[in-house]
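Participant:
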Amino acid sequence: REWAVQDEFPVHFHKSAKGNESTIICLRKGLKITETQFATGLPLATYMMAFSYGSVVVFNASSELLIKALLKRCRKFTKQLQPDEFSEEMMIRIRPAQETWSIHSPEQIFLKRLDWSNMRVVSTV
Numbered sequence: 056r057e058w059a060v061q062d063e064f065p066v067h068f069h070k071s072a073k074g075n076e077s078t079i080i081c082l083r084k085g086l087k088i089t090e091t092q093f094a095t096g097l098p099l100a101t102y103m104m105a106f107s108y109g110s111v112v113v114f115n116a117s118s119e120l121l122i123k124a125l126l127k128r129c130r131k132f133t134k135q136l137q138p139d140e141f142s143e144e145m146m147i148r149i150r151p152a153q154e155t156w157s158i159h160s161p162e163q164i165f166l167k168r169l170d171w172s173n174m175r176v177v178s179t180v
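So the number in the working numbering is just where the residue sits in the sequence shown, counting from 1, plus 55.
1) Starting from Phe165, trace the beta strand (DSSP E) both ways and give me its first and last residue.
2) Which stretch, first to last residue, makes up the alpha helix (DSSP H) that contains Thr95?
3) Taking DSSP's pairing of strands, which residues face Ile158 in a bridge?
4) With Arg148 as the anchor, note down where its beta strand (DSSP E) starts and where it stops.
5) Considering only residues of the same chain and omitting the five flanking positions on each side of Met146, which have a CB-CB separation below 7 Å?
6) CA-CA distance, Thr179 and Tyr108?
7) With DSSP as the reference, label Ala105 as helix, strand or coil.
8) Tell me the residue span of the beta strand (DSSP E) that contains Asn141.
9) Please work out which residues of its chain come closer than 6 Å, Cβ to Cβ, to Glu90, disregarding the five sequence neighbours upstream and downstream, and give them in chain order.
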């Protein structure tokens, strides 16, 4: 049985100017997210961002168990699994009052807001 993710969670599909496709899935049932929120700032929740080239990034996950379960579900939809699995944890803090859109340090990233664009940039770091 396929994972009927759109029935369970809000899903947003995006195609960049370079042709890379990404999907953002909000993992809080019943939360309604508008297109405006994807551009201007998302509500606090757990998000999973999956790219057409195979990368999956999880934001604000409550446990390693949750992340492993999400990745296991994603594997059903991959054409070819990579032999090496890479995992990295990075602290992201939201500070709406900061003047710049982001501040980076070795241990964490400070963002003015969490939106699609910032999620995409963080996912490629």
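No residue lacks a Cβ here, since even glycine has one placed at the ideal position from N, Cα and C. Model, not experiment: these values are computed from the prediction.
Facilitator: Taking the geometry as given:
1) 163 to 166
2) 90 to 95
3) Phe165
4) 146 to 149
5) Glu162, Gln163
6) 12 Å
7) strand
8) One detail in the question is off: residue 141 reads as Phe in this sequence, not Asn. Premise fails: Phe141 is in no beta strand (DSSP E) and is neither H nor E.
9) none
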